[in-house]
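Enquirer: At position 297 of the sequence shown (counting the first as 1) the number is 298 in our numbering, and the numbers step up by one without a gap.
A virtual CB, placed ideally from N, CA and C, is assigned to each residue, including glycine.
Just so we're clear, the structure is a prediction, and the values are computed from it rather than from any experiment.
Have a look at this one before I ask anything.
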Amino acid sequence: MSVDLSLLPDGGLHWLGASGEHAGIVLSSRIRLARNVAGFAFPARAREGERLRVLHQLRDVAARLPSLRDAAVVRVDECTPQQRLLLHERHLVSRELAGLDRKDEAPTAGAVFVTGEAGVMVNEEDHVRLQVFRSGFDVLGALRAAETMDRELGSELPYAWHQEFGFLTACPTNTGTGLRASVLIHLPGLVLTQEIAKVLQGLQHMGLTYRGLYGEGSDVLGNFFQVSNQTTLGRSEEELADQLVRVVRRVIEREEEARRVLLRDAGYIIEDKLWRAYGTLSHARNLPADEAMNLLSGVRLAAGLNLISGLSVYTLNKLLIFSQSAHLAQMEGRALTDGEANLARAKYVRQVLANEARLAG
């Protein structure tokens with residue numbers, strides 16, 4: 002089976018649009034709701050037949066729901082490892098659903114439904130994981146859309162629910178609301194001013210946690226952090242989302258202040274550092290993934306400080322995703338070794354930056 006990306010609304014990348022509030026610092030906001038269908042064993046203990054029945058039931062229900070009737074459906078367990086990695090790079094499926102930690106084996110009857118700004122993972126850790134992405138800083142807008150989809154789906158499917166504990170999930174940390182609210186945020190100013198450790202420690206004191214670009218199990222690269230709530234039990238979805246919004250708004254303010262300090266106290270040093278990053282990306286012939294992430298972080302900061310003109314946030318967002326290994330293989334039309342991917346990445350980044358410069362000129 003091949004994944005025809007043209008069938009995915011917006012390619013599943015609506016969240017890259019750089020259209021929301023504080024889009025230069027916050028790439029995207031996401032709401033995820035974990036749900037299970039009553040009467041079936043949770044996916045880890047379910048037999049293949051049960052997992053298939055959950056998927057078929059969800060497909061039948063989705064066809065009747067306004068928020069999901071036009072969704073593209075991809076059977077992840079029928080995709081190649083390279084195709085599953087591509088879906089993961091687009092944040093459409095988790096590491097678990099992509100089978101990245103299972104010797105390239107996706108869970109049986111694993112699937113994803115994709116709409117313009119939303120998705121539903123099926124038979125991951127839980128039967129259903131609803132996801133809504135918004136460009137920029139729009140946690141509450143994503144929450145409203147997710148709640149609408151959740152109400153529609155819950156009116157057709159009997160959710161596993163407990164009067165005392167709330168929504169029942171495979172992992173106890175998700176029990177309650179089943180909500181994970183997160184933002185993907187770029188914090189180079191705080192890293193360069195060496196304030197980031199205090200900020201991250203403050204997040205944890207507020208009941209939040211942070212991860213890398215691809216969430217759980219991923220390293221922090223390029224100064225990109227995924228900040229999210231840590232608990233779900235005992236508080237409402239609105240309370241959890243409101244807390245995230247309040248804390249992240251303060252983090253944005255501190256990042257903006259850090260950038261002002263950098264320009265004031267080390268302007269020419271920072272300008273030189275960031276232009277060197279742009280020069281390397283514009284001319285490199287061999288570009289490993291980690292190096293590309295760090296250099297793109299520098300160029301993104303340069304654009305945010307207005308040191309580089311004519312380079313859109315949307316282009317930088319796109320580079321972040323399309324320079325990942327599975328996307329490069331998709332463009333080349335074949336599997337790539339790490340060395341070949343480094344060459345293809347350098348070529349792709351050079352071409353995008355050169356084209357952007359021509360358009361700006």
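#1: Starting from Q132 and walking both ways along the alpha helix (DSSP H), at which residues does that stretch end?
#2: Here's a check: name, in chain order, each residue in its chain whose Cβ is nearer than 7 Å to the Cβ of G142, leaving out the five neighbours to either side.
#3: Roughly how many angstroms lie between the CA atoms of F226 and V248, to the nearest whole one?
#4: Measuring alpha carbon to alpha carbon, tell me which residue in H92, G111, L53, L59 is nearest F323.
#5: Report yes if the C-beta distance between A293 and V353 is below 8 Å; otherwise report no.
#6: Looking at C-alpha atoms only, which residue of L308, R260, L264, A39 is the closest neighbour of A278?
#7: Let me confirm a value: G50 is counted as buried when at least 16 other C-beta atoms fall within 10 Å, else exposed. Which label applies?
#8: I'd like the ranges of any beta strand (DSSP E) spanning at least 3 consecutive residues and lying wholly in the region 99-126.
#9: Quickly, what does DSSP pair G167 with across the bridge? List them, please.
#10: Apply the 10 Å Cβ neighbour rule to A64 and answer buried if 16 or more other Cβ atoms are within range, or exposed otherwise.
#11: Could you tell me the alpha carbon to alpha carbon distance between E238 and A198, rounded to whole angstroms?
#12: Quick check on DSSP: helix, strand or coil for R31?
#13: Can you name the start and end residues of the beta strand (DSSP E) that A73 belongs to?
#14: Tell me the rounded alpha-carbon separation between A358 and S229.
#15: Return yes when the Cβ of V140 is within less than 8 Å of the Cβ of A112, no when it is not.
#16: On the three-state DSSP scale, how would you describe V221?
#17: Tell whether a beta-carbon distance below 8 Å holds between V262 and T194.
#18: Taking 8 Å as the cut-off, decide whether the C-beta atoms of L344 and N287 are in contact.
#19: Once the 5 residues before and after E272 are set aside, which same chain residues still bring their CB inside 7 Å of it?
Expert: This is what the structure holds:
#1: To locate residue 132, count along the sequence shown from 1; it is residue 131. Run containing Q132: none in the alpha helix (DSSP H); it sits in the beta strand (DSSP E), 129-136.
#2: Numbered from its first residue, the sequence shown carries residue 142 at position 141. Answer for G142: R135, listed in chain order.
#3: For the purposes of this step, residue 226 is identified with residue 225 of the sequence shown, where counting begins at 1. For the purposes of this step, residue 248 is identified with residue 247 of the sequence shown, where counting begins at 1. If I take the Cα positions, the gap works out to 14 Å.
#4: Position 322 of the sequence shown, counted from the start, is the residue given in the question as residue 323. Residue H92 is the option with its Cα nearest to F323.
#5: Walking along the sequence shown from the start, residue 293 turns up at place 292. Walking along the sequence shown from the start, residue 353 turns up at place 352. Not in contact: A293 and V353 (Cβ atoms no closer than 8 Å).
#6: Start at 1 with the first residue of the sequence shown, and residue 278 comes out as number 277. Distance check between A278 and each of L308, R260, L264, A39 places L308 closest, using alpha-carbon atoms only.
#7: The residue you call residue 50 lines up with position 49 of the sequence shown. Burial is judged here by how many other beta carbons sit within 10 angstroms of a residue's own beta carbon; G50 has fewer than 16 and is exposed.
#8: Inside the region 99-126, DSSP marks whole beta strand (DSSP E) runs of 3 or more residues at positions 112-115, 119-123, from first to last along the chain.
#9: Position 166 of the sequence shown, counted from the start, is the residue given in the question as residue 167. Checking the DSSP bridge columns, you'll see G167 partnered with H163.
#10: If you number the sequence shown from 1, residue 64 lands on position 63. By the 10 Å Cβ count, A64 comes out exposed.
#11: As a position in the sequence shown, residue 238 is number 237, starting the count at 1. As a position in the sequence shown, residue 198 is number 197, starting the count at 1. Cα-Cα distance, rounded: 28 Å.
#12: Position 30 of the sequence shown, counting from 1, holds the residue named residue 31. Look at R31 here: in three-state DSSP terms it is strand.
#13: Counting from 1 along the sequence shown, the entry for residue 73 is found at position 72. Element bounds for A73: 73-76.
#14: Taking the sequence shown and counting its residues from 1, the one referred to as residue 358 is at position 357. Taking the sequence shown and counting its residues from 1, the one referred to as residue 229 is at position 228. Approximately 36 Å between the Cα atoms of the pair.
#15: In the sequence shown, the residue the question calls residue 112 occupies position 111. In the sequence shown, the residue the question calls residue 140 occupies position 139. It is not a contact, given that the beta carbons lie outside the stated cut-off.
#16: Within the sequence shown, numbered from 1, the residue matching residue 221 stands at position 220. Under the three-state reduction of DSSP output, V221 falls in the coil class, being neither helix nor strand.
#17: In the sequence shown, residue 262 corresponds to position 261, counting from 1. In the sequence shown, residue 194 corresponds to position 193, counting from 1. Result yes, Cβ atoms of V262 and T194 sit closer than 8 Å.
#18: Taking the first residue of the sequence shown as position 1, residue 344 is located at position 343. Taking the first residue of the sequence shown as position 1, residue 287 is located at position 286. In contact: L344 and N287 (Cβ atoms closer than 8 Å).
#19: Numbered from 1 along the sequence shown, position 271 holds the residue referred to as residue 272. For E272, where only same-chain residues beyond five positions count, the Cβ hits under 7 Å are L308.
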